[in-house]
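The numbering of the sequence shown is the numbering used here, which starts it at 96 and goes up by one.
Using N, Cα and C, we set each Cβ at its ideal position, and we do this for glycine too.
Data first, discussion second: the structure below is written as C-alpha coordinates.
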Amino acid sequence: MRLQYVPRDHHVALNSLHLHYLEWGEPSRPWLFLLHGFASNAHTWDQQADALCERFHVVALDQRGHGDSDWARDGYDQHRYIRDFAALVDALGAQRFALVGHSMGGIHAIEYAARNLARVERLAIVDIGPDMPKAPAAMPPEVRRPPEAFASVEAVYQFMQAADPAAPADVLRHRAQHAVRQGPDSKWTWKYDRLLRSPKRPVRRIASPLVVWNMLAAITCPSLVVRGERSSVLDRAQAERMAATLPSASLVEIANAGHRVMLDNHPAFLSALEGFLTGA
(Lines of atoms letter the chains of each structure in order from A; the text may use other names.)
(Lines give C-alpha, C1' and ligand atoms only; values in the text may rest on other atoms or scores of the structure.)
Protein backbone atom coordinates (compact mmCIF):
# COMPACT_ATOMS: atom_id res chain seq x y z
CA MET A 96 0.00 0.00 0.00
CA ARG A 97 1.66 3.20 -1.18
CA LEU A 98 1.34 6.32 0.94
CA GLN A 99 2.70 9.71 -0.04
CA TYR A 100 2.96 11.23 3.43
CA VAL A 101 4.31 10.00 6.76
CA PRO A 102 2.02 10.93 9.67
CA ARG A 103 3.43 12.75 12.66
CA ASP A 104 3.27 10.67 15.85
CA HIS A 105 2.22 12.32 19.10
CA HIS A 106 1.51 11.29 22.69
CA VAL A 107 -0.46 13.49 25.05
CA ALA A 108 -1.33 13.06 28.75
CA LEU A 109 -5.10 13.33 29.19
CA ASN A 110 -7.46 11.95 31.84
CA SER A 111 -4.60 10.09 33.59
CA LEU A 112 -3.69 8.28 30.35
CA HIS A 113 -1.06 8.68 27.67
CA LEU A 114 -3.04 8.81 24.44
CA HIS A 115 -1.45 8.45 21.03
CA TYR A 116 -2.62 10.20 17.88
CA LEU A 117 -1.47 10.67 14.30
CA GLU A 118 -1.41 14.00 12.49
CA TRP A 119 -1.24 14.90 8.79
CA GLY A 120 -1.35 18.20 6.95
CA GLU A 121 -0.78 21.81 7.91
CA PRO A 122 -2.43 23.36 11.00
CA SER A 123 -3.69 26.23 8.84
CA ARG A 124 -6.08 23.87 7.03
CA PRO A 125 -9.59 22.93 8.22
CA TRP A 126 -9.62 20.35 11.00
CA LEU A 127 -10.68 16.76 10.34
CA PHE A 128 -10.83 14.21 13.18
CA LEU A 129 -11.07 10.44 12.60
CA LEU A 130 -12.21 7.85 15.16
CA HIS A 131 -11.49 4.15 14.54
CA GLY A 132 -13.59 1.12 15.44
CA PHE A 133 -13.45 -1.54 18.14
CA ALA A 134 -10.12 -3.42 18.39
CA SER A 135 -8.67 -1.22 15.64
CA ASN A 136 -6.32 1.79 15.74
CA ALA A 137 -5.59 5.16 14.17
CA HIS A 138 -3.66 3.61 11.28
CA THR A 139 -6.92 2.23 9.89
CA TRP A 140 -7.33 5.71 8.39
CA ASP A 141 -3.88 5.97 6.77
CA GLN A 142 -5.10 5.79 3.18
CA GLN A 143 -7.85 8.35 3.67
CA ALA A 144 -5.69 10.74 5.68
CA ASP A 145 -2.92 10.49 3.10
CA ALA A 146 -5.35 11.52 0.37
CA LEU A 147 -7.12 14.27 2.34
CA CYS A 148 -4.23 15.98 4.11
CA GLU A 149 -3.54 18.41 1.27
CA ARG A 150 -6.94 19.95 1.98
CA PHE A 151 -7.39 19.22 5.69
CA HIS A 152 -5.45 19.15 8.94
CA VAL A 153 -6.14 15.52 9.82
CA VAL A 154 -5.94 13.93 13.28
CA ALA A 155 -6.63 10.25 14.03
CA LEU A 156 -6.77 9.18 17.68
CA ASP A 157 -5.83 5.80 19.13
CA GLN A 158 -8.75 5.54 21.54
CA ARG A 159 -8.06 4.31 25.06
CA GLY A 160 -7.12 0.64 25.19
CA HIS A 161 -6.28 0.60 21.48
CA GLY A 162 -3.22 1.07 19.30
CA ASP A 163 -0.38 2.85 21.06
CA SER A 164 -2.55 4.52 23.68
CA ASP A 165 -2.58 3.33 27.29
CA TRP A 166 -4.82 0.56 28.53
CA ALA A 167 -7.28 2.07 31.00
CA ARG A 168 -7.58 0.96 34.60
CA ASP A 169 -10.81 2.93 35.02
CA GLY A 170 -12.54 1.02 32.23
CA TYR A 171 -14.04 1.59 28.82
CA ASP A 172 -17.50 3.02 29.33
CA GLN A 173 -18.69 5.10 26.40
CA HIS A 174 -18.61 8.35 28.35
CA ARG A 175 -14.89 7.85 29.06
CA TYR A 176 -14.11 7.59 25.34
CA ILE A 177 -16.12 10.75 24.71
CA ARG A 178 -14.31 12.56 27.50
CA ASP A 179 -10.93 11.53 26.06
CA PHE A 180 -11.83 12.82 22.62
CA ALA A 181 -13.22 16.07 24.02
CA ALA A 182 -10.00 16.57 25.99
CA LEU A 183 -7.88 16.00 22.88
CA VAL A 184 -9.92 18.47 20.83
CA ASP A 185 -9.54 21.08 23.56
CA ALA A 186 -5.81 20.39 23.99
CA LEU A 187 -5.24 20.91 20.26
CA GLY A 188 -7.32 24.08 20.21
CA ALA A 189 -9.72 22.90 17.52
CA GLN A 190 -12.81 25.09 17.68
CA ARG A 191 -14.77 23.78 14.69
CA PHE A 192 -14.08 20.65 12.68
CA ALA A 193 -15.36 17.76 10.61
CA LEU A 194 -15.69 14.42 12.40
CA VAL A 195 -15.68 10.90 10.94
CA GLY A 196 -16.24 7.75 12.98
CA HIS A 197 -16.26 4.08 11.99
CA SER A 198 -18.13 1.41 13.95
CA MET A 199 -17.51 2.04 17.68
CA GLY A 200 -15.91 5.34 16.69
CA GLY A 201 -19.10 6.22 14.84
CA ILE A 202 -21.16 5.86 18.01
CA HIS A 203 -18.65 8.04 19.84
CA ALA A 204 -18.81 10.60 17.04
CA ILE A 205 -22.62 10.66 17.24
CA GLU A 206 -22.59 11.35 20.97
CA TYR A 207 -19.89 14.01 20.75
CA ALA A 208 -21.68 15.77 17.88
CA ALA A 209 -25.02 15.69 19.69
CA ARG A 210 -23.46 17.26 22.77
CA ASN A 211 -21.32 19.81 20.87
CA LEU A 212 -23.53 21.16 18.12
CA ALA A 213 -21.53 24.36 17.69
CA ARG A 214 -18.21 22.58 17.13
CA VAL A 215 -18.93 19.80 14.63
CA GLU A 216 -19.32 21.26 11.14
CA ARG A 217 -19.81 17.96 9.32
CA LEU A 218 -20.33 14.41 10.59
CA ALA A 219 -19.76 11.11 8.76
CA ILE A 220 -20.99 7.90 10.42
CA VAL A 221 -19.42 4.82 8.87
CA ASP A 222 -21.22 1.47 9.02
CA ILE A 223 -22.77 1.60 12.46
CA GLY A 224 -26.18 2.40 13.86
CA PRO A 225 -28.03 2.56 17.17
CA ASP A 226 -29.30 -1.02 16.85
CA MET A 227 -26.03 -2.93 16.84
CA PRO A 228 -26.00 -6.70 16.15
CA LYS A 229 -24.80 -9.07 18.84
CA ALA A 230 -23.85 -11.91 16.51
CA PRO A 231 -20.15 -12.89 16.63
CA ALA A 232 -20.01 -12.81 12.82
CA ALA A 233 -20.35 -9.05 12.97
CA MET A 234 -17.12 -8.72 14.95
CA PRO A 235 -13.71 -8.48 13.28
CA PRO A 236 -11.77 -11.78 13.23
CA GLU A 237 -9.13 -10.47 15.63
CA VAL A 238 -11.86 -10.10 18.29
CA ARG A 239 -13.94 -13.26 17.87
CA ARG A 240 -11.54 -16.05 18.89
CA PRO A 241 -8.07 -14.92 17.89
CA PRO A 242 -4.77 -16.52 18.82
CA GLU A 243 -3.19 -14.69 21.72
CA ALA A 244 0.25 -14.56 20.10
CA PHE A 245 1.95 -14.99 16.74
CA ALA A 246 5.47 -15.90 15.70
CA SER A 247 5.65 -13.08 13.15
CA VAL A 248 3.72 -10.24 11.54
CA GLU A 249 3.43 -12.47 8.48
CA ALA A 250 1.50 -14.95 10.63
CA VAL A 251 -0.84 -12.15 11.68
CA TYR A 252 -1.42 -11.31 8.03
CA GLN A 253 -2.16 -14.95 7.21
CA PHE A 254 -4.69 -15.10 10.05
CA MET A 255 -6.42 -11.95 8.80
CA GLN A 256 -6.35 -13.13 5.19
CA ALA A 257 -7.96 -16.47 6.06
CA ALA A 258 -10.71 -14.69 7.99
CA ASP A 259 -11.32 -12.02 5.34
CA PRO A 260 -10.20 -13.41 1.95
CA ALA A 261 -11.99 -10.69 -0.06
CA ALA A 262 -9.97 -7.86 1.49
CA PRO A 263 -7.09 -6.38 -0.55
CA ALA A 264 -3.81 -8.06 0.37
CA ASP A 265 -1.84 -4.82 0.71
CA VAL A 266 -4.48 -3.42 3.07
CA LEU A 267 -4.40 -6.56 5.23
CA ARG A 268 -0.60 -6.42 5.44
CA HIS A 269 -0.82 -2.80 6.56
CA ARG A 270 -3.44 -3.72 9.16
CA ALA A 271 -1.32 -6.60 10.42
CA GLN A 272 1.74 -4.38 10.79
CA HIS A 273 -0.08 -1.91 13.03
CA ALA A 274 -2.36 -4.31 14.93
CA VAL A 275 0.34 -6.04 17.00
CA ARG A 276 3.45 -5.35 19.05
CA GLN A 277 6.44 -7.55 19.82
CA GLY A 278 6.98 -8.64 23.41
CA PRO A 279 10.16 -9.60 25.28
CA ASP A 280 9.59 -13.24 24.27
CA SER A 281 9.75 -12.14 20.60
CA LYS A 282 6.08 -13.08 20.12
CA TRP A 283 3.63 -10.65 18.53
CA THR A 284 0.44 -9.87 20.45
CA TRP A 285 -2.59 -7.64 19.81
CA LYS A 286 -2.18 -4.02 20.82
CA TYR A 287 -5.71 -3.62 22.12
CA ASP A 288 -6.55 -4.42 25.74
CA ARG A 289 -7.85 -7.99 25.98
CA LEU A 290 -10.27 -6.87 28.69
CA LEU A 291 -12.28 -5.29 25.90
CA ARG A 292 -13.37 -8.72 24.72
CA SER A 293 -13.36 -10.56 28.04
CA PRO A 294 -16.69 -12.32 28.79
CA LYS A 295 -15.81 -12.35 32.49
CA ARG A 296 -15.63 -8.62 33.03
CA PRO A 297 -18.09 -6.15 31.51
CA VAL A 298 -15.81 -3.15 31.14
CA ARG A 299 -17.61 -1.30 28.37
CA ARG A 300 -21.05 0.17 28.97
CA ILE A 301 -22.60 1.91 25.98
CA ALA A 302 -25.63 4.10 25.39
CA SER A 303 -28.96 2.36 24.73
CA PRO A 304 -30.31 2.31 21.16
CA LEU A 305 -33.11 4.72 22.10
CA VAL A 306 -30.60 7.23 23.46
CA VAL A 307 -28.53 7.04 20.27
CA TRP A 308 -31.62 7.50 18.08
CA ASN A 309 -32.48 10.61 20.09
CA MET A 310 -28.92 11.87 19.67
CA LEU A 311 -29.17 11.47 15.90
CA ALA A 312 -32.34 13.54 15.85
CA ALA A 313 -30.56 16.34 17.72
CA ILE A 314 -27.59 16.67 15.34
CA THR A 315 -28.05 19.69 13.09
CA CYS A 316 -24.85 19.75 11.00
CA PRO A 317 -24.66 18.20 7.51
CA SER A 318 -24.21 14.46 7.99
CA LEU A 319 -23.33 11.42 5.91
CA VAL A 320 -24.32 7.83 6.67
CA VAL A 321 -22.01 5.32 4.97
CA ARG A 322 -22.90 1.65 4.62
CA GLY A 323 -20.87 -1.17 3.12
CA GLU A 324 -22.94 -3.09 0.58
CA ARG A 325 -22.00 -6.42 2.21
CA SER A 326 -22.12 -5.17 5.80
CA SER A 327 -23.29 -7.57 8.51
CA VAL A 328 -23.38 -4.72 11.04
CA LEU A 329 -25.57 -2.03 9.45
CA ASP A 330 -28.47 -3.20 7.28
CA ARG A 331 -29.96 -0.95 4.63
CA ALA A 332 -33.24 -0.39 6.47
CA GLN A 333 -31.48 0.97 9.54
CA ALA A 334 -29.13 3.11 7.42
CA GLU A 335 -32.13 4.63 5.66
CA ARG A 336 -33.83 5.31 8.99
CA MET A 337 -30.67 7.01 10.26
CA ALA A 338 -30.50 9.28 7.22
CA ALA A 339 -34.18 10.14 7.71
CA THR A 340 -33.72 10.80 11.44
CA LEU A 341 -30.74 13.12 11.07
CA PRO A 342 -32.07 16.60 10.21
CA SER A 343 -29.61 17.16 7.35
CA ALA A 344 -28.22 13.88 6.06
CA SER A 345 -27.56 11.75 3.02
CA LEU A 346 -26.86 8.04 2.67
CA VAL A 347 -24.26 6.37 0.49
CA GLU A 348 -23.75 2.63 0.04
CA ILE A 349 -20.27 1.50 -0.99
CA ALA A 350 -20.14 -1.43 -3.40
CA ASN A 351 -17.78 -4.36 -2.83
CA ALA A 352 -17.36 -3.46 0.84
CA GLY A 353 -18.32 -5.05 4.13
CA HIS A 354 -18.16 -3.51 7.60
CA ARG A 355 -14.61 -2.19 7.18
CA VAL A 356 -15.74 0.02 4.32
CA MET A 357 -12.66 2.24 4.03
CA LEU A 358 -10.36 -0.80 3.90
CA ASP A 359 -12.46 -2.95 1.55
CA ASN A 360 -13.02 -0.29 -1.12
CA HIS A 361 -10.84 2.73 -0.44
CA PRO A 362 -11.35 4.49 -3.82
CA ALA A 363 -15.15 4.49 -3.61
CA PHE A 364 -15.18 5.37 0.08
CA LEU A 365 -12.69 8.21 -0.42
CA SER A 366 -14.70 9.61 -3.31
CA ALA A 367 -17.89 9.68 -1.22
CA LEU A 368 -16.18 11.08 1.87
CA GLU A 369 -14.18 13.75 0.06
CA GLY A 370 -17.25 14.91 -1.84
CA PHE A 371 -19.16 15.22 1.42
CA LEU A 372 -16.39 17.00 3.32
CA THR A 373 -15.82 19.54 0.57
CA GLY A 374 -19.50 20.06 -0.20
CA ALA A 375 -19.02 18.92 -3.79
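Simplified DSSP state of residue i, which is helix, strand or coil
i    : result
I301 : coil
L127 : strand
Q333 : helix
L212 : coil
F364 : helix
W166 : coil
F151 : coil
V248 : helix
V101 : coil
I223 : coil
Buried versus exposed call for residue i [16 or more other C-beta atoms within 10 Å across all chains shown]
i    : result
R159 : buried
N139 : The sequence given here has Thr at residue 139, not Asn. Buried: at least 16 other Cβ atoms inside 10 Å.
G278 : exposed
Q190 : exposed
R103 : exposed
R217 : buried
G188 : exposed
H115 : buried
L341 : buried
D280 : exposed
D169 : exposed
L212 : exposed
N351 : exposed
D265 : exposed
P241 : buried
A271 : buried
R175 : buried
Given residue i as reference, the closest of the options once Cα atoms are compared
i    : options                : result
W71  : S123, V356, Y100, G162 : With the chain running from 96 to 375 in the structure shown, residue 71 is simply not present.
H273 : Y252, A261, L290       : Y252
R325 : A108, G353, V154       : G353
G374 : M96, S345, A363        : S345
V101 : L109, C148, P263       : C148
L129 : D165, N309, L183       : L183
D157 : S281, S123, R97, H106  : H106
P228 : W126, L329, H113, V356 : L329
D145 : R276, D185, M96, K282  : M96
I349 : L358, G323, D359       : G323
R124 : Q143, L109, R150       : R150
I314 : A363, A339, S293, H361 : A339
Per DSSP, the bridge partner or partners of residue i
i    : result
S318 : L218, A344
G201 : DSSP lists no partner for G201.
V306 : Answer is none; V306 lacks a bridge partner.
F371 : None, per the DSSP bridge assignment.
W119 : V153
A108 : H113
W140 : According to DSSP, which records beta bridges pairwise, W140 is partnered with nothing at all.
R276 : T284
A193 : L127, R217
Cβ-Cβ distance between residue i and residue j below 8 Å
i    : j    : result
F180 : R214 : no
A134 : L117 : no
P304 : P225 : yes
D222 : S198 : yes
A155 : F371 : no
Q173 : E121 : no
L98  : D165 : no
M337 : V320 : yes
H112 : V153 : The identity of residue 112 in the sequence shown is Leu, whereas the question assumes His. No.
L109 : A204 : no
L368 : Q143 : yes
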